[in-house]
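Colleague: The following block contains the structure, expressed as structure tokens.
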Amino acid sequence: MKIINPSPKMNRRSFVKKVLNGTIAGSLYLVWPMGSESLEIPEQIPGIRGREYDIHNQEFAFIVDITRCIGCGSCCVADKREYNVPDGNFRTWVERYVKGFSDEVYVDCPNGGLDGYQHPRKDITEKVRDTFFVPKLCNMCREAPCVQVCPVGATFKSPDGFVLVDEKRCVGCAYCIQACPYSARFLHPVKKVAQKCTWCYHRIRKGLLPACVQVCPTGARKFGSMKDETSEVYKILKGPGVLTVLKKEMGTFPSLYYEGARREVI
Amino acid sequence: MDLSYRMRLLIVLISIGVLAGGGLVVKRLLIPDSFGVYGPYRADAIVEAALVPIRHGTNASCFKCHPYEANIHKNGRHHTISCEFCHGTYADHVKNGKKTGTLPVKKGKEITTLCLRCHNTEIKARKEKVIKTVAMPDHLKDQNVKITHNCNQCHHVHAPLKYIIRAKQITGLMEAGS
């Protein structure tokens, strides 16, 4: 026998959910007009300011163009300043890959790239075939391993696609730090909570680009909304260019894409 | 104690009720208000993440009060460079429209170090189409200047070719206006 629900979209559970969603969306709506200073800055991501932020209808993408990265470390400096990241921990960092003719790959990252790369590597004896820089940050996985392992629900994936950390709930067990295949997380030495790159969620919600994208002098880092068909990232993702993600075989489905990444990049 | 069967049953039922009720109250107290709105996490954490104060402005926020530098910076080759990378963050300088601190201006050898962060040819990963690089001190020798020169003695830091182009125009190597 078939049971027909007279109103399949409005049973009690979904009704309660909807009401609660409405309340939260309303409170989120109050977020953007705060900070009168930020509103004086021209909007960088169109379609965020001056309207209700529909948390269920957002999609963002981050693209790193390795062929344009010059390893200046502006992004690392900006990131450290934006969040006062403690020394020795990095929300984003730039790695240097050196490939020799023997196919040996040498990777180094002195101080996370904070001081830039002033000198070439001296310890490589063989002839160098290729050198390139790879900026790393949170991959904002669609199937995030860190979210799965968190025992207290402190790490979560928000409806607009960001993997965030609830610092009030985090107990600092560091399970997520081990789970992240990209080593994007660290334990804050003072607060004793897990922290990581949020793609500058607070800036995005005010219509500004993430700090690292904002300071990148060569445009190696690109960020934008996938709901906006005029955005650079939408055009790149729609286009024929080869985009790769890190550790695809892990099945994490990152929303961070790399353009021009060599096979050696992991 | 000698209680009747009904009395014992009542005590058992009441204790179950008290325990269950107490458990529910404790559960209610332990679970945060917005927990479970979108999923098994506190939905208010999203609001908190969005409310983190921003520390970096944009170049536009600096240009508002520094029109002279803005004019040079915007028209130079360095127009893609963020002011805040060399000078420090907006939040350290301005708060609620009032100046709260002085940002450092790089001087002397610091400038050369800063320039070579991007423009050093020795790092073989910098492509011609992305950035113009120089080898030091070869560049100084090629240009017949003292080896102790800093970059900013020839290149304006905000518009590196400003003086070079002007000098070429004066010496007739380049037509004015080109």
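From first to last, the protein sequence lines stand for chains A and B.
Okay, so the first sequence: first residue is 1 according to the numbering used here, each after it adds one.
Okay, so the second sequence: first residue is 267 according to the numbering used here, each after it adds one.
By construction, the Cβ of each residue, glycine as well, lies at the ideal position given by its N, Cα and C atoms.
1. Is residue 157 of chain A helix, strand or coil by DSSP?
2. Taking only beta carbons into account, state which residues of the stretch 74-104 of chain A come closer than 7 angstroms to chain B, listed in chain order.
3. For the beta strand (DSSP E) holding residue 85 of chain A, just list the boundary residues, first then last.
4. Is residue 37 of chain A helix, strand or coil by DSSP?
5. Which residues in the same chain as residue 103 of chain A place their Cβ atom closer than 8 angstroms to its Cβ, once the five residues preceding and following it in sequence are excluded?
6. Using a Cβ-Cβ distance cut-off of 8 angstroms, determine whether residue 390 of chain B contacts chain A.
7. Less than 7 angstroms between C-beta atoms, sequence neighbours within five positions excluded: which residues of the same chain meet that for residue 260 of chain A?
8. How many Å lie between residue 72 of chain A and residue 114 of chain A at the Cα?
9. Per the contact definition of three or more C-beta pairs closer than 8 angstroms, is the stretch 157-176 of chain A in contact with the stretch 55-63 of chain A?
10. Are residue 135 of chain A and residue 69 of chain A closer than 8 angstroms when you measure CB to CB?
11. In whole angstroms, give me the CA-to-CA distance for residue 282 of chain B and residue 269 of chain B.
12. Just checking: is the beta-carbon of residue 297 of chain B within a distance shorter than 8 angstroms of some beta-carbon in chain A?
13. Taking C-beta pairs closer than 9 angstroms, name the residues in chain B that residue 292 of chain A reaches, listed in chain order.
14. Identify, in the order they occur along the chain, each residue of the same chain with its Cβ nearer than 6 angstroms to the Cβ of residue 179 of chain A, setting aside the five sequence neighbours on each side.
15. Could you please give me the residues that DSSP links to residue 257 of chain A through a beta bridge?
16. Give every residue of the same chain whose Cβ lies closer than 6 angstroms to the Cβ of residue 153 of chain A, excluding the five residues on either side of it in the sequence, and list them in chain order.
17. If you measure between the beta carbons of residue 224 of chain A and residue 45 of chain A, is that distance less than 8 angstroms?
18. Check the Cβ-Cβ distances between residue 106 of chain A and every residue of chain B, and say whether any is below 8 angstroms.
19. What is the DSSP secondary structure of residue 334 of chain B, counted as helix, strand or coil?
20. Which word fits residue 437 of chain B, buried or exposed, when buried means at least 16 other C-beta atoms lie within 10 angstroms of its C-beta?
21. When you compare the CB positions of residue 151 of chain A and residue 173 of chain A, do they come within less than 8 angstroms of one another, or not?
22. What runs of the alpha helix (DSSP H), each 4 residues or longer, lie entirely inside the stretch 184-250 of chain A?
23. Are the stretch 105-121 of chain A and the stretch 379-388 of chain B in contact at 8 angstroms, needing three or more beta carbon pairs?
24. Over the uninterrupted alpha helix (DSSP H) stretch that includes residue 407 of chain B, give me the two end residues.
25. Let me see if you follow: with CB-CB separation under 8 angstroms, is residue 381 of chain B close to chain C or not?
26. Leaving out five residues before and five after residue 327 of chain B in sequence, what residues of the same chain have Cβ atoms less than 7 angstroms from its Cβ?
27. Which residues, taken in chain order from the stretch 39-52 of chain A, show a beta carbon closer than 8 angstroms to some beta carbon of chain B?
28. For residue 243 of chain A, which residues from the same chain have a beta carbon less than 8 angstroms from its beta carbon, with the 5 sequence-adjacent residues on both sides left out?
29. Under 8 angstroms between C-beta atoms, does residue 201 of chain A make it to chain B?
30. Among A/221, A/110, A/89, which has the Cα closest to the Cα of residue 95 of chain A?
31. Pairs of beta-carbons, one from the stretch 360-375 of chain B and one from the stretch 334-341 of chain B, closer than 8 angstroms: are there three or more?
32. Given a cut-off of 8 angstroms on the beta-carbon distance, is the pair residue 200 of chain A and residue 211 of chain A in contact?
33. So the beta strand (DSSP E) residue 164 of chain A belongs to, where does it begin and stop?
34. Hey, is residue 286 of chain B's beta-carbon within less than 8 angstroms of any beta-carbon in chain A?
35. Residue 117 of chain A CB to nearest chain B CB: under 8 angstroms?
36. Would you mind telling me which residues of chain B sit closer than 7 angstroms to residue 72 of chain A, beta carbon to beta carbon, in chain order?
Modeller: The short version:
1. Residue numbering aside, residue 157 of chain A sits at position 157 when the first sequence is read from its first letter. Strand.
2. 74, 77, 78, 81, 82
3. By 1-based counting over the first sequence, the position of residue 85 of chain A is 85. Taken as a continuous stretch (DSSP letters only), residue 85 of chain A belongs to no beta strand (DSSP E), as it is neither H nor E.
4. As a position in the first sequence, residue 37 of chain A is number 37, starting the count at 1. With a pLDDT of 48 at residue 37 of chain A, under the threshold of 50, the predicted position of this residue should be treated as unreliable, though the coordinate-derived value follows. Three-state result, residue 37 of chain A: helix.
5. As a first step, residue 103 of chain A must be located in the first sequence, where it is residue number 103. So no residue of the chain qualifies.
6. In the second sequence, counting from the first residue as 1, residue 390 of chain B sits at position 124. Taking Cβ atoms only, chain A reaches closer than 8 angstroms to residue 390 of chain B, which makes this a yes.
7. Taking the first sequence and counting its residues from 1, one reaches residue 260 of chain A at position 260. Correct list, in chain order: 65, 66, 67.
8. Taking the first sequence and counting its residues from 1, the one referred to as residue 72 of chain A is at position 72. Taking the first sequence and counting its residues from 1, the one referred to as residue 114 of chain A is at position 114. Using only the alpha carbons, I get a separation of about 8 angstroms.
9. yes
10. Position 135 of the first sequence, counted from the start, is the residue given in the question as residue 135 of chain A. Position 69 of the first sequence, counted from the start, is the residue given in the question as residue 69 of chain A. It is a contact, given that the beta carbons lie within the stated cut-off.
11. Here residue 282 of chain B refers to the residue found at position 16 of the second sequence. Here residue 269 of chain B refers to the residue found at position 3 of the second sequence. The alpha-carbon atoms of residue 282 of chain B and residue 269 of chain B are separated by roughly 18 angstroms.
12. Taking the second sequence and counting its residues from 1, the one referred to as residue 297 of chain B is at position 31. So no, residue 297 of chain B is outside the interface.
13. Absent from the model: residue 292 of chain A. The displayed extent of chain A is 1 to 266, so no value can be given.
14. Working through the first sequence from its first residue, we reach residue 179 of chain A at position 179. Contacts found: 145, 146, 149.
15. The residue labelled residue 257 of chain A in the question sits at position 257 within the first sequence. According to DSSP, which records beta bridges pairwise, residue 257 of chain A is partnered with A/63.
16. For the purposes of this step, residue 153 of chain A is identified with residue 153 of the first sequence, where counting begins at 1. Closer than 6 angstroms at the Cβ level, and outside the excluded window around residue 153 of chain A, lies no residue.
17. Sequence index remark: in the first sequence, residue 224 of chain A carries index 224 (1-based). Sequence index remark: in the first sequence, residue 45 of chain A carries index 45 (1-based). For residue 224 of chain A and residue 45 of chain A, yes; Cβs fall inside 8 angstroms.
18. Locating residue 106 of chain A in the first sequence gives position 106, where the first residue counts as 1. No, residue 106 of chain A lies away from the interface with chain B (no Cβ there is under 8 angstroms from its Cβ).
19. As a position in the second sequence, residue 334 of chain B is number 68, starting the count at 1. Of the three classes helix, strand and coil, the one that applies to residue 334 of chain B here is helix, per DSSP.
20. The count along the second sequence starts at 1 and reaches residue 437 of chain B at position 171. Residue 437 of chain B should be labelled exposed.
21. For the purposes of this step, residue 151 of chain A is taken as residue 151 along the first sequence, with counting starting at 1. For the purposes of this step, residue 173 of chain A is taken as residue 173 along the first sequence, with counting starting at 1. Their beta carbons are under 8 angstroms apart, which means residue 151 of chain A touches residue 173 of chain A by this criterion.
22. 201-204, 211-215, 232-238
23. yes
24. Walking along the second sequence from the start, residue 407 of chain B turns up at place 141. Counting along the chain, the alpha helix (DSSP H) containing residue 407 of chain B begins and ends at 404-408.
25. Given the protein chain composition of this structure (A and B), no chain C is represented.
26. Here residue 327 of chain B refers to the residue found at position 61 when the second sequence is read from its first residue. Correct list, in chain order: 356.
27. 40, 41, 42, 44
28. Here residue 243 of chain A is taken as the residue at index 243 of the first sequence, counted from 1. Within the same chain, residue 243 of chain A has close Cβ partners 63, 236, 237, 257, 258, 259.
29. As a working mapping, residue 201 of chain A is identified with position 201 in the first sequence. Chain B contact via Cβ: present.
30. Within the first sequence, residue 95 of chain A is the residue found at index 95, counting from 1. When only C-alpha atoms are compared, the closest one is A/110.
31. no
32. Stepping through the first sequence from its first residue, residue 200 of chain A is reached at position 200. Stepping through the first sequence from its first residue, residue 211 of chain A is reached at position 211. In contact: residue 200 of chain A and residue 211 of chain A (Cβ atoms closer than 8 angstroms).
33. Residue numbering aside, residue 164 of chain A sits at position 164 when the first sequence is read from its first letter. It spans 163-165 - the beta strand (DSSP E) in which residue 164 of chain A sits, taken as one unbroken run.
34. The residue you call residue 286 of chain B lines up with position 20 of the second sequence. Not closer than 8 angstroms to any Cβ of chain A, the Cβ of residue 286 of chain B fails to qualify, so no.
35. Here the question's residue 117 of chain A lines up with position 117 in the first sequence. Residue 117 of chain A counts as touching chain B.
36. Locating residue 72 of chain A in the first sequence gives position 72, where the first residue counts as 1. Under the 7 angstroms cutoff, chain B gives 383, 384.
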